[in-house]
Amino acid sequence: MHTRRSVLKSGAVGAVGMAGLAGCMGDDNGNGNGNGNGNGNGNGNGDDDVVRVAYVHNEPLADIGWVNTHEETRQELEDEFGDQIETTVVEDIAAGEARETFDDLAAQGYDIIEAATFDYGTPATATIEEHDDVFIETPRLAPVEGYEQHPQKGYYLGKLEDPCYVLGRAAGMLTETNTIGIVQSFNIPSTMTELNAIIQGARSVNPDVEMEVRTVNTWFDPPLEIDAAEALVAEGADVLGYRVSSPNALEVAQDEDIWGFGYADDFKGTDIDYDRYVSSRVWNWTPFHRLAVEHALEGTLFDDTDRFGLDEIHGNYWGFEEGGVELGEIGDNVPDDVADDMLETVEAIETGEITDEDIFEGTQYEDWGAYERVSATDEYVAGIDVEEED
Numbered sequence: 000m001h002t003r004r005s006v007l008k009s010g011a012v013g014a015v016g017m018a019g020l021a022g023c024m025g026d027d028n029g030n031g032n033g034n035g036n037g038n039g040n041g042n043g044n045g046d047d048d049v050v051r052v053a054y055v056h057n058e059p060l061a062d063i064g065w066v067n068t069h070e071e072t073r074q075e076l077e078d079e080f081g082d083q084i085e086t087t088v089v090e091d092i093a094a095g096e097a098r099e100t101f102d103d104l105a106a107q108g109y110d111i112i113e114a115a116t117f118d119y120g121t122p123a124t125a126t127i128e129e130h131d132d133v134f135i136e137t138p139r140l141a142p143v144e145g146y147e148q149h150p151q152k153g154y155y156l157g158k159l160e161d162p163c164y165v166l167g168r169a170a171g172m173l174t175e176t177n178t179i180g181i182v183q184s185f186n187i188p189s190t191m192t193e194l195n196a197i198i199q200g201a202r203s204v205n206p207d208v209e210m211e212v213r214t215v216n217t218w219f220d221p222p223l224e225i226d227a228a229e230a231l232v233a234e235g236a237d238v239l240g241y242r243v244s245s246p247n248a249l250e251v252a253q254d255e256d257i258w259g260f261g262y263a264d265d266f267k268g269t270d271i272d273y274d275r276y277v278s279s280r281v282w283n284w285t286p287f288h289r290l291a292v293e294h295a296l297e298g299t300l301f302d303d304t305d306r307f308g309l310d311e312i313h314g315n316y317w318g319f320e321e322g323g324v325e326l327g328e329i330g331d332n333v334p335d336d337v338a339d340d341m342l343e344t345v346e347a348i349e350t351g352e353i354t355d356e357d358i359f360e361g362t363q364y365e366d367w368g369a370y371e372r373v374s375a376t377d378e379y380v381a382g383i384d385v386e387e388e389d
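Residue numbers (numbering that gives the first Met the number 0): 0 to 389.
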């Protein structure tokens with residue numbers, strides 16, 4: 000079974016973030032902590048022995064959440080490739096400022112820019128039009144403006160419906176009120192697909208389950224997230240989940256002594272772990288980013304598109320089988336029958352015993368392909384009630 004280790008501690012990532020910022024800015028000679036010299040290595044199709052990778056984030060580094068999952072991958076790649084890779088981190092860059100940051104990194108000779116948020120597509124396109132020796136990839140699959148195919152662009156996303164289905168089954172077995180509450184970020188195809196998988200999993204073991212959703216229309220707003228989670232509890236939810244950057248819903252679940260499951264990170268063994276913590280659906284970006292580094296080292300970063308599994312775009316959408324997503328460790332107090340079901344379901348999805356068609360059986364998405372669902376889903380399946388949070 001794929002599981003994820005515990006989250007990093009805040010002290011480690013803070014130092015990296017400051018070094019990354021200094022590396023991006025450099026001095027008048029182009030030299031900074033990122034060792035940029037203003038000369039492009041051209042490693043995408045060259046013979047250099049060191050691949051230079053820059054991670055750019057729209058939020059500050061933290062020890063939990065979306066940005067942390069990319070930071071874990073960066074550190075794993077450094078451990079794996081050793082002297083063959085050099086990385087830097089640039090944090091808290093808004094989409095409107097990203098073009099300047101990307102241009103600066105390209106001028107410093109970075110071979111790969113991991114533009115680690117959904118909103119960087121348009122500035123990435125602008126940069127590669129001016130710099131022909133940098134490869135930029137970003138975690139989005141929806142075919143929107145700024146995300147067109149290009150030899151210097153790649154896309155990636157983890158197939159979260161796999162662990163969502165597993166956690167949905169667990170929630171369906173654990174709930175006593177038959178109500179699951181979810182704090183939702185945006186009602187967009189990818190996140191809607193995830194919630195659809197959760198309710199499908201829940202109803203596969205408990206047909207009476209309903210899901211109440213509060214949409215906050217932001218990735219990060221702790222006070223609003225807490226209000227939404229508390230409102231869901233007031234409506235009868237006794238299992239809470241969320242699809243925003245911070246785990247505030249889990250803190251509400253702890254305060255209310257109800258079950259809760261996480262997103263992005265594995266919280267087992269952290270301060271967020273509590274008596275009724277179930278598990279978490281976890282991103283693992285390492286297989287995606289490893290592929291880019293390997294092709295850069297081989298000199299085939301720009302010309303070998305066979306590494307992309309999606310015909311529609313230069314991208315990969317990987318689940319349990321490929322290691323693109325994982326189920327976090329299971330909470331200590333989850334009943335044995337629920338824990339056993341979770342492990343058995345993970346294995347069944349990995350081996351193909353449970354297919355996408357099985358997960359979405361009986362819905363309008365049963366016959367859709369995985370890419371079509373994550374890029375074009377426009378409505379929730381039966382059993383989900385959605386309300387906008389003011």
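Where a beta carbon is used, it is the ideal one built from N, C-alpha and C, also for glycine.
Once you ignore the five residues that flank A227 on each side, which residues in its own chain have a CB closer than 6 Å to its CB?
-> V182, R213, V215, E388
So I181 is in the beta strand (DSSP E); what residue range does that whole segment cover?
-> Unbroken beta strand (DSSP E) run through I181: 178 to 183.
Can you give me the Cβ contacts of A391 inside the same chain, cut-off strictly under 7 Å, excluding the 5 residues immediately before and after it?
-> Since the first residue shown for the chain is 0 and the last is 389, residue 391 is missing from the structure and cannot be characterised.
Pairwise C-alpha distance: D132 and E386 | 46 Å
Cross-strand partners of A53 (DSSP beta bridge) = Note: A53 sits in a beta bridge opposite T87, I112.
Any idea if D264 is buried or exposed, counting beta-carbon neighbours within 10 angstroms, 16 or more meaning buried?
-> buried
For the putative contact between G322 and Y316, defined by C-beta atoms under 8 Å, what is the C-beta separation to the nearest angstrom?
-> 13 Å between Cβ atoms; not a contact.
Return the chain-ordered list of same chain residues with a C-beta closer than 6 Å to the C-beta of G368, the five sequence neighbours on each side being excluded.
-> none
Nearest CA to the CA of D390: which residue from R51, I112, A252?
-> For residue 390 there is no data in the structure shown, the boundaries of the chain being 0 and 389.
Looking at C-beta atoms only, is the number of pairs between the segment 346 to 358 and the segment 170 to 181 that lie closer than 8 Å three or more?
-> no
For E202, which three-state DSSP category applies?
-> For the sequence presented, residue 202 should be read as Arg rather than Glu. Here R202 sits in helix by DSSP.
Pick from A53, H69, R98 that is closest to V88, judged by C-alpha positions = A53
Starting from the Cα of P400, find the closest Cα among A230, R51, A93 and give me that residue.
-> Given a span of 0 to 389 for the chain in the structure shown, any question on residue 400 remains unanswerable.
From which residue to which residue does the beta strand (DSSP E) around T376 run?
-> It is not in any beta strand (DSSP E) - T376 carries neither H nor E in the DSSP assignment.
Cβ-Cβ separation, V55 to C112 (assumed contact under 8 Å), whole Å = The sequence as given places Ile at residue 112; Cys does not occur at that position. Correct: roughly 6 Å between the Cβ atoms.
Between the C-alpha atoms of L76 and H288, what's the straight-line distance to the nearest angstrom?
-> 8 Å
Leaving out the 5 sequence neighbours to the left and right, which residues in its chain are closer than 7 Å to I225 when beta-carbon positions are compared?
-> N247, V251
Find out if the Cβ-Cβ distance for the pair G232, E255 is shorter than 8 Å.
-> According to the sequence provided, residue 232 is Val. The question's Gly does not apply to it. Yes.
Looking at the unbroken beta strand (DSSP E) that takes in I135, where does it start and where does it end?
-> From DSSP, the beta strand (DSSP E) with I135 extends over 134 to 137.
Could you spell out the range, first to last residue, of the alpha helix (DSSP H) harbouring A230?
-> 221 to 233
According to the neighbour-count rule (16 or more other Cβ atoms, all chains shown, within 10 Å of its Cβ), is F67 buried or exposed?
-> Position check: residue 67 holds Asn in this sequence, whereas Phe was assumed. Classification of N67: buried, given that the 10 Å Cβ count is 16 or more.
I think Q151 touches F301, with their Cβ atoms under 8 Å apart; what is that distance to the nearest whole Å?
-> Rounded to the nearest angstrom, the Cβ distance from Q151 to F301 is 6 Å, consistent with a contact under 8 Å.
Distance between A115 and E90 (C-alpha atoms, nearest Å) = 10 Å
Whole-angstrom C-beta distance between V50 and L296, which should lie under 8 Å = In this structure L296 is in contact with V50, their Cβ atoms being roughly 6 Å apart against a cut-off of 8 Å.
My understanding is that R280 touches Y262, with C-beta atoms under 8 Å, so please give their C-beta distance in whole angstroms.
-> 6 Å
Under a three-way DSSP split, which group does D78 fall into?
-> helix
Would you mind stating whether V380 and V333 have Cβ atoms separated by less than 8 Å?
-> no
Boundaries of the beta strand (DSSP E) in which N247 is found, first to last residue = Taken as a continuous stretch (DSSP letters only), N247 belongs to no beta strand (DSSP E), being part of the alpha helix (DSSP H) at 247 to 255.
Taking D118 and N57 to be in contact with their CB atoms under 8 Å, please state how far apart those CB atoms are, rounded to whole angstroms.
-> 7 Å
For D237, count neighbouring Cβ atoms within 10 angstroms of its own Cβ and tell me buried if that reaches 16, exposed if not.
-> D237 comes out buried.
Report all residues from its chain with a CB closer than 6 Å to the CB of T285; omit the five preceding and five following residues, and keep chain order.
-> T72, E75
Cut-off 6 Å between Cβ atoms - residues of its own chain near A169, not counting five sequence neighbours on either side = Taking A169 as the centre and dropping the five residues before and after it, the same chain places the C-beta of V277, V337, M341 closer than 6 Å to its C-beta, in chain order.
Buried or exposed by the 16-neighbour rule on C-beta atoms within 10 Å, applied to D303 = With fewer than 16 other Cβ atoms within 10 Å, it is exposed.
Quick one: grab the DSSP three-state call for Y316.
-> strand
Endpoints, beta strand (DSSP E) assigned at F287 | First-last for F287: 285 to 297, but that is the alpha helix (DSSP H), not the beta strand (DSSP E).
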